[in-house]
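Colleague:
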Amino acid sequence: MDRRRFLKGSAAATALLSMPRLACAQGAKTLRFVPYSDVAIIDPIWTTGYSTRTHALLVWDTLYGLDETLQPQPQMVEGHVVAEDGKRWTLTLRPGLVFHDGSKVLARDAVASIKRWGARDAFGQSLMAATDEISAPDDRTIVFRLNRPFPNLPAALARPSALVAAIMPEYLAQTDPFKQIPEAIGSGPFRYVKEERVPGARHVYARHEGYVPRADGKPSFTAGPRIAYLDRVEFVVMPDPATAISALQAGEIDWVEQPLIDMLPILRKDPNIVVEVKDPTGMAGQIRLNHLQPPFNNPAIRRVILKALDQEACMDAVCGGDPAVKRATMGFFPSGSPMASDAGIGALGAAKDHAALKRELSEAGYKGERIVFLSGQDVPRISQVAEVAADMLRRIGANVDFVAADWGTVLQRITKRDPVEAGGWSCYVTYWSGLDLGSPATNSPLRGNGVKAGPGWPTSPEIEALRAQWLETPDLAGQKAIAEKIQLQAMQDVPYVPAGQYFQPVAYRKGITGMLNGVPVFTNIRKG
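Per the working numbering, the very first residue in the sequence shown carries number 14; after that it's consecutive.
The structure is reproduced here in structure tokens:
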């Protein structure tokens, strides 16, 4: 990481903690949250970065929510009617929905938003492929005319992670899906206060006075009544983990999303702090490879990298400071998830003979090409695995150009498809929630649809065909059988390299109550 940028970010965060509170926040119920990284991108479908996801769940609402058992429930809609043998879905918006600019939420806003999201999200692309037309015959009615039944329609629209199916005003939703929206306006329980943003240090959200929660159900993840008891949420970016922990202990911060594992024993001894896992699906690391550029456009080389990576070493680097933190090895589906299997993963746990792997890499066609390895140094779980993986590459004879930067910079750079000589990249480490990787429908990095896929842009007609079969298979046993075939094919095509799984606790002050299970949301929370 650039030391000057790191110090600048740390200094800015420290200055924010020490400055007098703004007049508008005096006496307000304000929660101060340390995200794992800055919200560098405010568009909910332009990046899979989870800091943007957390921002999106504050600002925008979705047609359906997901409860903590991962079942979709109506959220912005009153309900739906399915007709014509599953090929026509009619959704009705509930009354009282208003955007942050005061305009009413209309069905045509939802139609435009779904189309934009469906161009980027893996699950959304599947829904769009099954859809002949989405229309808004009146202000509250959304009609899907499908070319085949798609029973997972509510689950797709409820997805609260990675690329959120956020409903935004039509004029924003008409933005090219591959260009960022210029402003963050939604109808969610909080509005984005852009004039109080301090780049690299702070984002501010204020309670949306016009928000009307659902009248039925119970709060559960993003389902049920989304009630904002807080007046204000501040994201305070702290690249230095020790500074974040000190601020939490001093009561200057209320919630740290991903406290450094090495510091958890200290936090557990503090009677004023709660340490617990809120997302039971875990965090799964992976090395994302650029399939468009040498050397990783060669599948034989990708297979050597898959075989060479030591998942246990990766997760020990992240969790080694606290043996109480659960970790696991995994294939292409998270450990413990319904689609997980041992199919073909024997090589992943085998002992690593680096000399033999070096010969295999050469025999696979590696000619010493420069490998630009991007590392998000301000996110410890990313930088730690990046160091392990880069060391592995060097041991097997790879020419590694290790580029350390902040995570926001990495997210910007990975959109480039240029050769490394023109500012492109070869590989980087990222993480996905087990929530996203749990099935072929939601596992975006497993897509093999080329330039329509996420950064890395793998092409695998075989994986895509199996995925389509999975989506049309109604029973769990049949789905598991297809998932095994997908995993075996992924071992050959290597869309990415799994780097292991662990379960990240959060840390927050005991005065905070009502925190829901799942990824961070700020409804239902009270601050005592």
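Cβ coordinates follow ideal geometry from the N, Cα and C atoms, glycine included.
Going along the chain, which residues of its own chain have a beta-carbon closer than 7 Å to the beta-carbon of Ala360, five neighbours each way excluded?
Modeller: Taking the first residue of the sequence shown as position 1, residue 360 is located at position 347. For Ala360, where only same-chain residues beyond five positions count, the Cβ hits under 7 Å are Lys320.
Colleague: For the alpha helix (DSSP H) containing Arg172, name the first residue and the last one.
Modeller: One-based indexing of the sequence shown puts residue 172 at position 159. Arg172 -> no alpha helix (DSSP H), and no H or E assigned at all.
Colleague: Does the region 399–416 come within contact of the region 260–273, defined as at least 3 CB pairs closer than 8 Å?
Modeller: no
Colleague: Quick one: using the 10 Å Cβ neighbour count with 16 as the cut-off for buried, is Ala600 buried or exposed?
Modeller: An answer regarding residue 600 cannot be provided, because it is not within the stretch 14 to 541 covered by the chain.
Colleague: Excluding the five sequence neighbours on either side, which residues of its own chain have a C-beta within less than 7 Å of the C-beta of Asn285, listed in chain order?
Modeller: Working through the sequence shown from its first residue, we reach residue 285 at position 272. Once the five neighbours on either side are set aside, the close Cβ partners of Asn285 are Arg522, Lys523.
Colleague: Let me make sure I understand the geometry here. Which of Leu79, Ala512, Pro468 has the alpha-carbon closest to that of Phe191?
Modeller: Your numbering for residue 191 matches position 178 in the sequence shown. Comparing Cα-Cα distances from Phe191 to each of Leu79, Ala512, Pro468, the minimum goes to Pro468.
Colleague: Hey, Ala520 and Val269 are a contact pair by Cβ (cut 8 Å); roughly how many whole angstroms apart?
Modeller: Indexing the sequence shown from 1 puts residue 520 at position 507. Indexing the sequence shown from 1 puts residue 269 at position 256. Right, their Cβ atoms sit about 5 Å apart.
Colleague: How about the region 49–61 and the region 121–141: do they share at least three Cβ pairs that are nearer than 8 Å?
Modeller: Segments in contact, yes.
Colleague: Pick helix, strand or coil for Ile427, following the three-state DSSP scheme.
Modeller: By 1-based counting over the sequence shown, the position of residue 427 is 414. Note: Ile427 maps to coil in three-state DSSP.
Colleague: Is it true that the CB of Ser174 sits closer than 9 Å to the CB of Tyr63?
Modeller: For the purposes of this step, residue 63 is taken as residue 50 along the sequence shown, with counting starting at 1. For the purposes of this step, residue 174 is taken as residue 161 along the sequence shown, with counting starting at 1. For Tyr63 and Ser174, yes; Cβs fall inside 9 Å.
Colleague: Excluding the 5 residues preceding and the 5 following Arg129 in the sequence, name in chain order all residues of the same chain whose CB lies nearer than 6 Å to its CB.
Modeller: Stepping through the sequence shown from its first residue, residue 129 is reached at position 116. Its chain contains Ala186, Pro190 as the residues whose beta carbon lies nearer than 6 Å to that of Arg129, once the 5 sequence neighbours on both sides are disregarded; these appear in chain order.
Colleague: By the DSSP assignment, the beta strand (DSSP E) with Ile155 in it spans what residues?
Modeller: On the sequence shown, position 142 is the one that residue 155 refers to. Run containing Ile155: 154–159, per the beta strand (DSSP E) assignment.
Colleague: Report buried or exposed for Glu497, applying the criterion of at least 16 other Cβ atoms within 10 angstroms of its Cβ.
Modeller: In the sequence shown, the residue the question calls residue 497 occupies position 484. Classification of Glu497: buried, given that the 10 Å Cβ count is 16 or more.
Colleague: Apply the 10 Å Cβ neighbour rule to Glu222 and answer buried if 16 or more other Cβ atoms are within range, or exposed otherwise.
Modeller: On the sequence shown, residue 222 is found 209 positions in, with the first residue counted as 1. Exposed.
Colleague: For the structure I just gave you, are there three or more beta carbon pairs, one from the region 69–82 and one from the region 227–246, closer than 8 Å?
Modeller: yes
Colleague: Look up Gly237 in the DSSP assignment and say whether it is helix, strand or coil.
Modeller: Translated into positions along the sequence shown, residue 237 becomes position 224. The answer is coil: DSSP assigns Gly237 none of H, G, I, E or B.
Colleague: Any idea what DSSP makes of Pro87, helix, strand or coil?
Modeller: As a position in the sequence shown, residue 87 is number 74, starting the count at 1. Correct three-state label for Pro87: strand.
Colleague: Could you pull out every residue in the same chain whose Cβ sits closer than 6 Å to the Cβ of Val72, ignoring the five residues on either side in sequence?
Modeller: Numbered from 1 along the sequence shown, position 59 holds the residue referred to as residue 72. Non-local C-beta neighbours of Val72 in its own chain, meaning closer than 6 Å and more than five positions away in sequence, comprise Ala197, Gly199, Gly201, Tyr205, ordered along the chain.
Colleague: So Gly447 is in the alpha helix (DSSP H); what residue range does that whole segment cover?
Modeller: The residue labelled residue 447 in the question sits at position 434 within the sequence shown. Per DSSP, Gly447 belongs to the alpha helix (DSSP H) from 447–450.
Colleague: How many Å lie between Leu70 and Val317 at the Cα?
Modeller: Taking the first residue of the sequence shown as position 1, residue 70 is located at position 57. Taking the first residue of the sequence shown as position 1, residue 317 is located at position 304. The straight-line gap from Cα to Cα measures roughly 39 Å.
Colleague: Give a yes or no on whether the C-beta atoms belonging to Lys339 and Asn530 are separated by under 9 Å.
Modeller: Here residue 339 is taken as the residue at index 326 of the sequence shown, counted from 1. Here residue 530 is taken as the residue at index 517 of the sequence shown, counted from 1. No, they are not a contact pair.
Colleague: Using the Cβ count rule (16 or more neighbours within 10 Å means buried), how would you classify His113?
Modeller: Here residue 113 is taken as the residue at index 100 of the sequence shown, counted from 1. That one is buried.
Colleague: Considering just the uninterrupted stretch of the beta strand (DSSP E) at Asp151, what are its terminal residues?
Modeller: Working through the sequence shown from its first residue, we reach residue 151 at position 138. Segment 144–151, the beta strand (DSSP E) holding Asp151.
Colleague: My understanding is that Pro272 touches Pro293, with C-beta atoms under 8 Å, so please give their C-beta distance in whole angstroms.
Modeller: Looking up residue 272 in the sequence shown gives position 259. Looking up residue 293 in the sequence shown gives position 280. About 18 Å separates the Cβ atoms of Pro272 and Pro293, ruling out a contact at the 8 Å cut-off.
Colleague: With a 10 Å radius around its C-beta and 16 neighbouring C-beta atoms as the bar for buried, classify Ser457 as buried or exposed.
Modeller: As a first step, residue 457 must be located in the sequence shown, where it is residue number 444. So Ser457 ends up on the buried side.
Colleague: Between which residues of its own chain and Pro195 is the CB-CB distance below 7 Å, once the five residues before and five after are set aside?
Modeller: Reading the sequence shown from its first residue, position 182 is the one you call residue 195. Exclusion of the five residues before and after Pro195 leaves no residue of its chain whose Cβ lies closer than 7 Å to its Cβ.
Colleague: Hey, how far is the Cα of Arg215 from the Cα of Glu247?
Modeller: As a first step, residue 215 is located in the sequence shown; it is residue number 202 there, counting from the start. As a first step, residue 247 is located in the sequence shown; it is residue number 234 there, counting from the start. In a straight line, the C-alpha of Arg215 is about 7 Å away from that of Glu247.
Colleague: Which of helix, strand or coil does DSSP assign to Asp506?
Modeller: Position 493 of the sequence shown, counted from the first residue, corresponds to residue 506. Helix at Asp506.
Colleague: Would you give the residue range spanned by the beta strand (DSSP E) that Ile314 belongs to?
Modeller: Counted from its first residue, the sequence shown places residue 314 at position 301. That residue, Ile314, is in no beta strand (DSSP E); its alpha helix (DSSP H) goes 312–321.
Colleague: Taking buried to mean at least 16 other C-beta atoms within 10 Å of its own C-beta, is Pro533 buried or exposed?
Modeller: On the sequence shown, residue 533 is found 520 positions in, with the first residue counted as 1. By the 10 Å Cβ count, Pro533 comes out buried.
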